[in-house]
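Student: According to the UniProt record's numbering, the sequence shown is numbered sequentially starting from 1. Built from N, CA and C at the ideal position, the CB exists for glycine as well.
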Amino acid sequence: MTVPRSSLVPSFASSRARLGSAALAGAGLLFLLYPLVRPYSDETTLDGARAIASSAWVASHLFAMVGFILTALGFLALHLVLDGRLTLPAVVVTWVGAGLTLSYYGAEDFALNVIADRAVRENDASLIGLVDEFRYGPAAIGTFAAGLVLLGVGAVVAAVAVWRSGVLRRWSAVPLAAGFALFIPQFFGTPALRIAHGALMAVGGLWLAAELWRAGRIGSVEALRR
Numbered sequence: 001m002t003v004p005r006s007s008l009v010p011s012f013a014s015s016r017a018r019l020g021s022a023a024l025a026g027a028g029l030l031f032l033l034y035p036l037v038r039p040y041s042d043e044t045t046l047d048g049a050r051a052i053a054s055s056a057w058v059a060s061h062l063f064a065m066v067g068f069i070l071t072a073l074g075f076l077a078l079h080l081v082l083d084g085r086l087t088l089p090a091v092v093v094t095w096v097g098a099g100l101t102l103s104y105y106g107a108e109d110f111a112l113n114v115i116a117d118r119a120v121r122e123n124d125a126s127l128i129g130l131v132d133e134f135r136y137g138p139a140a141i142g143t144f145a146a147g148l149v150l151l152g153v154g155a156v157v158a159a160v161a162v163w164r165s166g167v168l169r170r171w172s173a174v175p176l177a178a179g180f181a182l183f184i185p186q187f188f189g190t191p192a193l194r195i196a197h198g199a200l201m202a203v204g205g206l207w208l209a210a211e212l213w214r215a216g217r218i219g220s221v222e223a224l225r226r
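#1: When you compare only the Cα positions, how much space is there between Ala209 and Gly28?
#2: My guess is that Ser148 and Phe134 are in contact by the Cβ rule of under 8 Å, so how many angstroms apart are they, rounded?
#3: Going by C-alpha to C-alpha distance, which of Arg217, Gly216, Phe187, Ala158 sits closest to Leu76?
#4: Determine the direct distance from the alpha carbon of Gln186 to that of Ala119, and round the result to whole angstroms.
#5: Does DSSP put Phe187 in a helix, a strand or coil?
#6: Please state whether DSSP places Gly84 in a helix, a strand or coil.
#7: Alpha carbon to alpha carbon, how far is Ser14 from Asp42?
#8: Alpha carbon to alpha carbon, how far is Leu168 from Leu102?
#9: What three-state label does DSSP hand Ile44 in the structure shown?
#10: Could you spell out where the alpha helix (DSSP H) holding Glu108 opens and where it closes?
#11: So does the region 86–100 actually touch the region 38–58, counting three or more Cβ pairs closer than 8 Å?
#12: Check whether the region 193–209 and the region 26–40 are in contact - that is, three or more C-beta pairs closer than 8 Å.
#13: Kindly indicate the opening and closing residues of the alpha helix (DSSP H) around Val149.
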C-alpha cells in the first residue's frame, strides 16, 4: 500500500505528534468536565455562595485551566509536525491568550471560593457582592476578554493551517476552533448550553488528537519501510 507523501509526518515528528495528540485529547475532555462538574445556582444568594464555596467549583475551574495549558502544548506539537507558515502565529497567539485567560480563571477559582466560604460561614449574603466587583472590574474583565479573543483567533488560525496542510484531514481542527470562538458567548447561556459547548470542545479536541496520532503513526510506519 502506498501512502501519499502529503499525508506523511517525518519520523522525527512522530513522537511530537503523539504527545500533541495526548495533550489535545486531554484538553477536550477537561473542557467537557468543566461545565459538567461546575455547580450552577443564583450567585447573588447564599445558595450561590455555597456553590462557589464547594470543592466542585474549584475542581471544575481547575479542569478549564489545565485545558487551556494542554491546548497551548497541543498547538505547539501541531506546529512542530506541520511546520507551516500559519502554525507559529497560531502557537504564539494561543500562548498569549492562555496566559491572559489563566490570570482571571485563577482568581475566579480561588479568590471567589474564599469570598463565598466566608459568606457562608458568616451567613452574610452581602459579601457575595464582592464576586461581581471582581468579575466586572475593568482590568479583570478586559484581560479576560482579550485572552479569550486571542485563544479564539489562535484556534481559527490553527484550523486554517490544518486545512491547507495536506497532512491532516481538512475539517479536523474546525470543531475546536468553533468551540474557542464561542467561548465568550457560552458564558451567557443556560447550563445545558454550556454543557453542549463543552461537548463541542471535547469533540474538537478528540478529533484533532486522533488526526495527529494517525499522522504520527503513518510517519513511523513509513520510516520503517525506508
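Tutor: Let me lay it out:
#1: One-based indexing of the sequence shown puts residue 209 at position 209. One-based indexing of the sequence shown puts residue 28 at position 28. Between Ala209 and Gly28, the C-alpha separation is close to 9 Å.
#2: The sequence position of residue 148 within the sequence shown is 148, counting from 1. The sequence position of residue 134 within the sequence shown is 134, counting from 1. The sequence as given places Leu at residue 148; Ser does not occur at that position. Not a contact, Cβ separation roughly 17 Å.
#3: As a first step, residue 76 must be located in the sequence shown, where it is residue number 76. Checked all of Arg217, Gly216, Phe187, Ala158; the closest Cα to Leu76 is Ala158.
#4: What you label residue 119 is simply residue 119 of the sequence shown in a count that begins at 1. What you label residue 186 is simply residue 186 of the sequence shown in a count that begins at 1. Their Cα atoms are separated by approximately 27 Å.
#5: Looking up residue 187 in the sequence shown gives position 187. Note: Phe187 maps to coil in three-state DSSP.
#6: As a working mapping, residue 84 is identified with position 84 in the sequence shown. If DSSP states are grouped into helix, strand and coil, Gly84 belongs with coil.
#7: Here residue 14 refers to the residue found at position 14 of the sequence shown. Here residue 42 refers to the residue found at position 42 of the sequence shown. So the two alpha carbons sit approximately 48 Å from each other.
#8: Here residue 168 is taken as the residue at index 168 of the sequence shown, counted from 1. Here residue 102 is taken as the residue at index 102 of the sequence shown, counted from 1. Going by the C-alpha atoms only, they are around 29 Å apart.
#9: Locating residue 44 in the sequence shown gives position 44, where the first residue counts as 1. Residue identity differs from the one stated: residue 44 is Thr in this sequence, not Ile. Three-state DSSP puts Thr44 in coil, outside helix and strand.
#10: Residue numbering aside, residue 108 sits at position 108 when the sequence shown is read from its first letter. Element bounds for Glu108: n/a, residue is neither H nor E.
#11: no
#12: yes
#13: Walking along the sequence shown from the start, residue 149 turns up at place 149. First-last of the alpha helix (DSSP H) with Val149: 138–165.
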